[in-house]
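Engineer: Questions regarding the structure given below will be posed in turn.
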Amino acid sequence: MKNIQESQSALVNDTCNDCGSYADIGAVIDEHDTQLSISFTGVDAKVEAEAVALKAKSRFDGVESEIKTDNDLTNLVIHFAYSAEKMIFQLENGI
51 MKNIQESQSA
61 LVNDTCNDCG
71 SYADIGAVID
81 EHDTQLSISF
91 TGVDAKVEAE
101 AVALKAKSRF
111 DGVESEIKTD
121 NDLTNLVIHF
131 AYSAEKMIFQ
141 LENGI
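The working numbering runs 50 ahead of the 1-based position in the sequence shown.
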């Protein structure tokens, strides 16, 4: 725990004096973590990637996506406006 406290920003105050608990909030949520990458394989990989991209776009405003296929691997990259949107989407879809 001491190493974590020493390596964190001075702006982070994450120790609860009343309960003695410690949480490194910056390790859980990073405001710049807005990009989600998912890989698909198989015959319907591109169709599945397009479906996930459409689901993200219909759930949140301003979502952009890229689909790249290389041999039998299809990569989907979804760009969310906020890291919270990315986390919510992952939780809702079990990703």
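Here a beta-carbon is modelled for each residue, glycine too, at the ideal position from N, C-alpha and C.
#1: Going straight from the alpha carbon of residue 100 to that of residue 80, what length do you get?
#2: Contact check, residue 88 vs residue 145 under 8 Å by CB: the rounded distance?
#3: Does the distance from the C-beta atom of residue 103 to that of residue 117 stay below 8 Å?
#4: At which residues does the beta strand (DSSP E) containing residue 139 begin and terminate?
#5: Taking the straight line between their C-alpha atoms, what separation do you get for residue 91 and residue 127?
#6: Would you mind listing the alpha helix (DSSP H) stretches within the region 82-112 that are 4+ residues and don't spill past its ends, in chain order?
#7: In this structure, what does DSSP give as the bridge partners for residue 128?
#8: By DSSP, does residue 153 sit in helix, in strand, or in coil?
Structural biologist: From the atom records:
#1: Residue numbering aside, residue 100 sits at position 50 when the sequence shown is read from its first letter. Residue numbering aside, residue 80 sits at position 30 when the sequence shown is read from its first letter. Distance between the alpha carbons of residue 100 and residue 80: 26 Å.
#2: Taking the sequence shown and counting its residues from 1, one reaches residue 88 at position 38. Taking the sequence shown and counting its residues from 1, one reaches residue 145 at position 95. Contact flag correct, Cβ pair sits at about 7 Å.
#3: Indexing the sequence shown from 1 puts residue 103 at position 53. Indexing the sequence shown from 1 puts residue 117 at position 67. It is a contact, given that the beta carbons lie within the stated cut-off.
#4: On the sequence shown, residue 139 is found 89 positions in, with the first residue counted as 1. Where residue 139 is concerned, there is no enclosing beta strand (DSSP E), although the alpha helix (DSSP H) it sits in stretches over 133-143.
#5: In the sequence shown, counting from the first residue as 1, residue 91 sits at position 41. In the sequence shown, counting from the first residue as 1, residue 127 sits at position 77. Those two C-alpha atoms are separated by around 15 Å.
#6: 95-109
#7: Taking the first residue of the sequence shown as 1, we reach residue 128 at position 78. Answer by DSSP bridge pairing, in chain order: 86 and 115.
#8: The displayed coordinates of the chain run from 51 to 145. Any statement about residue 153 would go beyond what the structure contains.
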